[in-house]
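A.B. asks: Have a look at this one.
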Amino acid sequence: MQEFDCSSLPSRARRKVKHGDIIFSTVRPNQKHYGYITNPVPNLLVSTGFAVISVNQELANSKFIYYWLSQDEIVEYLHNIAEQSVSAYPSIKASDICNLEIKLPPLEYQSKVASILSTLENKISLNHRINGNLEQQAQALFNHYFIERPDLLGKYKIGNLTEIANYLNGLAMQKFRPQMKENGIPVLKIKELGQGYTDASSDICSENIADEYKVHNGDVIFSWSGTLMVKIWCGGLCGLNQHLFKVTSEIYPKWFYYFWTKHHLNKFIRIAQDKAVTMGHIKRSDLEASEILIPQMDILAKLDAIINPLFSQIIEMKCENRNLATIRDILLPRLMYGKLKIDDLNR
350 MQEFDCSSLP
360 SRARRKVKHG
370 DIIFSTVRPN
380 QKHYGYITNP
390 VPNLLVSTGF
400 AVISVNQELA
410 NSKFIYYWLS
420 QDEIVEYLHN
430 IAEQSVSAYP
440 SIKASDICNL
450 EIKLPPLEYQ
460 SKVASILSTL
470 ENKISLNHRI
480 NGNLEQQAQA
490 LFNHYFIERP
500 DLLGKYKIGN
510 LTEIANYLNG
520 LAMQKFRPQM
530 KENGIPVLKI
540 KELGQGYTDA
550 SSDICSENIA
560 DEYKVHNGDV
570 IFSWSGTLMV
580 KIWCGGLCGL
590 NQHLFKVTSE
600 IYPKWFYYFW
610 TKHHLNKFIR
620 IAQDKAVTMG
630 HIKRSDLEAS
640 EILIPQMDIL
650 AKLDAIINPL
660 FSQIIEMKCE
670 NRNLATIRDI
680 LLPRLMYGKL
690 KIDDLNR
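The opening residue of the sequence shown carries number 350 in the numbering used here; numbering runs sequentially from there.
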């Protein structure tokens, strides 16, 4: 956040928010940049790129309205309006939100629905904070022994990334469509890796692809083209698309090759940016040129006893959060439109 003298701002920029307000990005609604304001600092202003929605508390529960606006069908509807705008980028006006029609249930029901969904959101938020702390601990331990104080490792050898892990490139999944009467599985592409889950817009591939090209919860995935990133996948079973590496090892622990790959990520991003092509990328030779330290196996086993429990908990909590988010997304439209009774959840 930045601090300003409010008197120096034009009137159109003075969008002060208060507790219980909803902010909704008017630019590219499909990116889902929206939020619910809780206990804001005094004189908190938001950018003109956001619409501020102040709910009439006598008619509606503000959290209920927030969840109603966050539904995929509402976001998609607003994005379709944005796509028709004449501005330089897809955008909506605050009036487009005002013109949405909503059938409000009784206020008591709204409050109960908001409470149920908020409980899930709060659990997800708590898990996210705990996981952030766990990731910091695991990263700090790795940095301490392998980057800052490698002398503590005793004897070690200089190697490269391909010596400790297999970097399997994905398939051109458009060649592996589901056959007749086959349900198929979602395709993991860069978009899905970035958002952490597959959705209705994700491509589908055959479920009969080779097992090595199937991605499971807890797998380490490295996007080596376009938007480079290293992630632990917790979005369920899917098929590995080209431009993504599935990183595995039968010898070395997962945290070991994950943190070493992540350690070189900024360098890989610079290499990709220097490519004079539409989608910058790295080559396998760049993996081979990336130096790492490989300690003796007895030392690695001692470190594994310390770091692996943290890393396993990180994966477990990531997957739990994904499951909670899925439950939230399933409950949301059903509760909004009375397709699921609140009493059914209490049984």
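Note that beta-carbon positions come from the ideal geometry of N, C-alpha and C, so glycine has one too.
Could you tell me the distance, in whole angstroms, from the CA atom of G398 to the CA atom of I513?
C.D. replies: Numbered from 1 along the sequence shown, position 49 holds the residue referred to as residue 398. Numbered from 1 along the sequence shown, position 164 holds the residue referred to as residue 513. In a straight line, the C-alpha of G398 is about 46 Å away from that of I513.
A.B. asks: Going by C-alpha to C-alpha distance, which of A400, S436, A437, I386 sits closest to K412?
C.D. replies: Looking up residue 412 in the sequence shown gives position 63. Per the Cα distances, I386.
A.B. asks: Straight-line CA distance for I641 to N509?
C.D. replies: Here the question's residue 641 lines up with position 292 in the sequence shown. Here the question's residue 509 lines up with position 160 in the sequence shown. If I take the Cα positions, the gap works out to 5 Å.
A.B. asks: Count the other C-beta atoms from every protein chain shown that fall within 10 angstroms of the C-beta of P455, then say buried if there are 16 or more, exposed otherwise.
C.D. replies: Against the sequence shown, residue 455 aligns to sequence position 106. Exposed, since its Cβ has fewer than 16 Cβ neighbours within 10 Å.
A.B. asks: Over the uninterrupted beta strand (DSSP E) stretch that includes P378, give me the two end residues.
C.D. replies: As a first step, residue 378 must be located in the sequence shown, where it is residue number 29. Annotation for P378: no beta strand (DSSP E) segment contains it, and DSSP assigns it neither H nor E.
A.B. asks: What's the C-alpha gap between E407 and E450?
C.D. replies: Mapped onto the sequence shown, residue 407 falls at position 58. Mapped onto the sequence shown, residue 450 falls at position 101. In a straight line, the C-alpha of E407 is about 18 Å away from that of E450.
A.B. asks: Quick one: using the 10 Å Cβ neighbour count with 16 as the cut-off for buried, is D560 buried or exposed?
C.D. replies: Translated into positions along the sequence shown, residue 560 becomes position 211. Burial call: exposed.
A.B. asks: Applying the criterion that 16 or more other CB atoms from any shown protein chain within 10 Å of the CB defines a buried residue, is L453 buried or exposed?
C.D. replies: Locating residue 453 in the sequence shown gives position 104, counting from the first residue. Exposed, by the Cβ-count rule.
A.B. asks: Give the C-beta separation of N410 and S460 to the nearest angstrom, bearing in mind that I take them to be a contact with Cβ-Cβ under 8 Å.
C.D. replies: Counting from 1 along the sequence shown, the entry for residue 410 is found at position 61. Counting from 1 along the sequence shown, the entry for residue 460 is found at position 111. That pair is a contact at about 5 Å.
A.B. asks: K412 lies in the alpha helix (DSSP H); which residues open and close that run?
C.D. replies: In the sequence shown, counting from the first residue as 1, residue 412 sits at position 63. Here the alpha helix (DSSP H) through K412 covers 411-418.
A.B. asks: How is C697 classed by DSSP in three states: helix, strand or coil?
C.D. replies: What is shown of the chain runs 350 to 696, which leaves residue 697 out entirely.
A.B. asks: If you count every other CB in all the chains shown that lies within 10 Å of the CB of I691, and 16 or more means buried, which is it?
C.D. replies: As a working note, residue 691 is residue 342 in the sequence shown. Exposed: under 16 other Cβ atoms inside 10 Å.
A.B. asks: Would you check if there are 3 or more beta carbon pairs closer than 8 Å linking the region 668-682 to the region 635-651?
C.D. replies: Contact fails: fewer than three Cβ-Cβ distances are below 8 Å.
A.B. asks: Which residue comes first and which comes last in the alpha helix (DSSP H) that contains F525?
C.D. replies: Taking the first residue of the sequence shown as position 1, residue 525 is located at position 176. Unbroken run through F525: none, as it is neither H nor E.
A.B. asks: Return the residue from the list G384, Q380, V395, G584 that minimises the CA-CA distance to K365.
C.D. replies: For the purposes of this step, residue 365 is identified with residue 16 of the sequence shown, where counting begins at 1. Of the residues G384, Q380, V395, G584, the one whose Cα lies closest to the Cα of K365 is V395.
A.B. asks: Which residue marks the beginning of the alpha helix (DSSP H) containing E556, and which one marks its end?
C.D. replies: One-based indexing of the sequence shown puts residue 556 at position 207. Looking at the DSSP string, E556 is not in any alpha helix (DSSP H), and its letter there is neither H nor E.
A.B. asks: Could you tell me whether the Cβ atoms of M522 and G588 are closer together than 9 Å?
C.D. replies: Looking up residue 522 in the sequence shown gives position 173. Looking up residue 588 in the sequence shown gives position 239. For M522 and G588, yes; Cβs fall inside 9 Å.
A.B. asks: Among P391, R377, D421, N392, which has the Cα closest to the Cα of R683?
C.D. replies: Along the sequence shown, read from residue 1 onward, the residue named residue 683 stands at position 334. That would be D421, whose Cα lies nearest to the Cα of R683.
A.B. asks: In the structure shown, what three-state DSSP assignment does M703 receive?
C.D. replies: No answer is possible for residue 703: it lies beyond the span of the chain, which begins at 350 and ends at 696.
A.B. asks: Quick check: the region 471-490 against the region 544-559, are there 3 or more CB pairs under 8 Å?
C.D. replies: no
A.B. asks: CB-CB under 6 Å to C668, same chain, minus the five flanking residues each way: which ones, in chain order?
C.D. replies: As a working mapping, residue 668 is identified with position 319 in the sequence shown. Closer than 6 Å at the Cβ level, and outside the excluded window around C668, lie N566, C583.
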